[in-house]
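**Q** Chains as they are written, first to last, in the numbering used here: chain A, -12 to 101; chain G, 40 to 151. From the three backbone atoms N, C-alpha and C, an ideal C-beta is built for every residue, glycine too. Remember, predicted model here, so these are calculated numbers, not experimental data.
(1) When DSSP builds the beta bridges, which residues end up paired with residue 83 of chain A?
(2) Leaving out the 5 sequence neighbours to the left and right, which residues in its chain are closer than 6 Å to residue 114 of chain G when beta-carbon positions are compared?
(3) Comparing alpha-carbon positions, which option in A:45, A:77 and A:7 lies nearest residue 100 of chain A?
(4) Kindly confirm or deny that the region 115 to 128 of chain G and the region 91 to 98 of chain A touch, where touching means at least three C-beta pairs closer than 8 Å.
(5) Have a look at residue 95 of chain G and residue 143 of chain G and give me their C-alpha separation to the nearest angstrom.
(6) Please classify residue 85 of chain A as buried or exposed, where buried requires at least 16 neighbouring CB atoms within 10 angstroms.
(7) Can you list, in chain order, the residues of the region 26 to 38 of chain A whose Cβ is nearer than 9 Å to any Cβ on chain G?
(8) What residue range is occupied by the uninterrupted beta strand (DSSP E) comprising residue 66 of chain G?
(9) Taking C-beta pairs closer than 8 Å, name the residues in chain A that residue 87 of chain G reaches, listed in chain order.
(10) Are residue 48 of chain G and residue 70 of chain G closer than 8 Å when you measure CB to CB?
(11) Measure the C-alpha to C-alpha separation of residue 82 of chain G and residue 131 of chain G and round it to an integer number of angstroms.
(12) The beta strand (DSSP E) spanning residue 136 of chain G covers which residue range?
(13) Where do the ends of the beta strand (DSSP E) carrying residue 104 of chain G lie?
(14) Closest Cβ-Cβ distance between residue 144 of chain G and chain A: below 8 Å?
(15) In the DSSP assignment, find the unbroken beta strand (DSSP E) run with residue 111 of chain G in it and report its ends.
(16) Could you tell me the boundaries of the beta strand (DSSP E) in which residue 85 of chain G lies?
(17) Under 7 Å between beta-carbons, which chain A residues line up against residue 137 of chain G? List them in chain order, please.
(18) With distances taken between CB atoms, is the gap from residue 15 of chain A to residue 35 of chain A smaller than 8 Å?
(19) Output yes if chain A places a C-beta closer than 8 Å to the C-beta of residue 82 of chain G; else output no.
(20) If you drop the 5 nearest sequence neighbours on each side, which residues of the same chain put their C-beta closer than 6 Å to that of residue 94 of chain A?
(21) For residue 150 of chain G, collect the residues of the same chain with a Cβ closer than 6 Å to its Cβ; drop the 5 residues on either side in sequence, then sort them by chain order.
(22) DSSP beta-bridge partners for residue 145 of chain G?
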């Protein structure tokens, strides 16, 4: 089946620094990828839709200047959390749209901001 | 705005028993997904239901979709401990082919 990878799987950073998370579709091309955030014991919240070759579409309430998304190729989307603060600590999950309407989820990146 | 409601949110059941998780959604959609999430892990795709009346089965899990009632069910047959996990349904949002709105999830615990 289709595989989506994320890197890093976990990261600890200091408040005020920036962190980049990569999402790759390993064996298929994805023109559309999604970025989600999940807080403990909660559901997934869609942050933005990442479209290859165009600007990302952000959900209401998500700061586009804080969460920078770049979909530079058909297999790679990146999410950069700028000037991270402890409240940005969360589990970030990407998904990529494959064939037959399937969405394949990456393994997630656990971000801890100290 | 599309709303997706799952119930129950918490389910504790004994091995060998049957139970159903319900997923209701508020606006028209013809595509619904079920996912499983283990603690600390990402989502594992279980089913994609694409049309009214769709029924899919995998092992002890069976999912169905009634688009007219805006209802999907995930039925668990003869539960085993390995099925303990959080189950999410997700519905494609109107006006988008792929944007998903998730339910809150059902935390299933299967006790020996």
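**A** By the coordinates alone:
(1) Residue 83 of chain A pairs with A:20 and A:91.
(2) Correct list, in chain order: 59 and 101.
(3) Nearest C-alpha to residue 100 of chain A among A:45, A:77 and A:7: A:77.
(4) The region 115 to 128 of chain G vs the region 91 to 98 of chain A: no contact.
(5) Taken atom to atom, the span from the alpha-carbon of residue 95 of chain G to that of residue 143 of chain G is near 22 Å.
(6) Residue 85 of chain A comes out buried.
(7) Taking a C-beta cut-off of 9 Å against chain G, the contacting residues of the region 26 to 38 of chain A are 28, 29, 30, 31, 32, 33 and 36, listed in chain order.
(8) First-last for residue 66 of chain G: undefined, no H or E at that position.
(9) Simply 87, 88 and 89.
(10) Cβ atoms of residue 48 of chain G and residue 70 of chain G: not closer than 8 Å.
(11) Those two C-alpha atoms are separated by around 16 Å.
(12) Counting along the chain, residue 136 of chain G falls outside any beta strand (DSSP E), and DSSP gives it neither H nor E.
(13) Per DSSP, the continuous beta strand (DSSP E) segment holding residue 104 of chain G begins and ends at 100 to 105.
(14) When Cβ-Cβ separations below 8 Å define contact, residue 144 of chain G makes contact with chain A.
(15) Taken as a continuous stretch (DSSP letters only), the beta strand (DSSP E) holding residue 111 of chain G covers 110 to 115.
(16) For residue 85 of chain G, the enclosing beta strand (DSSP E) has its first and last residue at 82 to 88.
(17) 19, 84 and 90, listed in chain order.
(18) No, Cβ-Cβ distance for residue 15 of chain A and residue 35 of chain A is not below 8 Å.
(19) Taking Cβ atoms only, chain A reaches closer than 8 Å to residue 82 of chain G, which makes this a yes.
(20) Around residue 94 of chain A: -7.
(21) Result list for residue 150 of chain G: 53, in chain order.
(22) According to DSSP, which records beta bridges pairwise, residue 145 of chain G is partnered with G:126.
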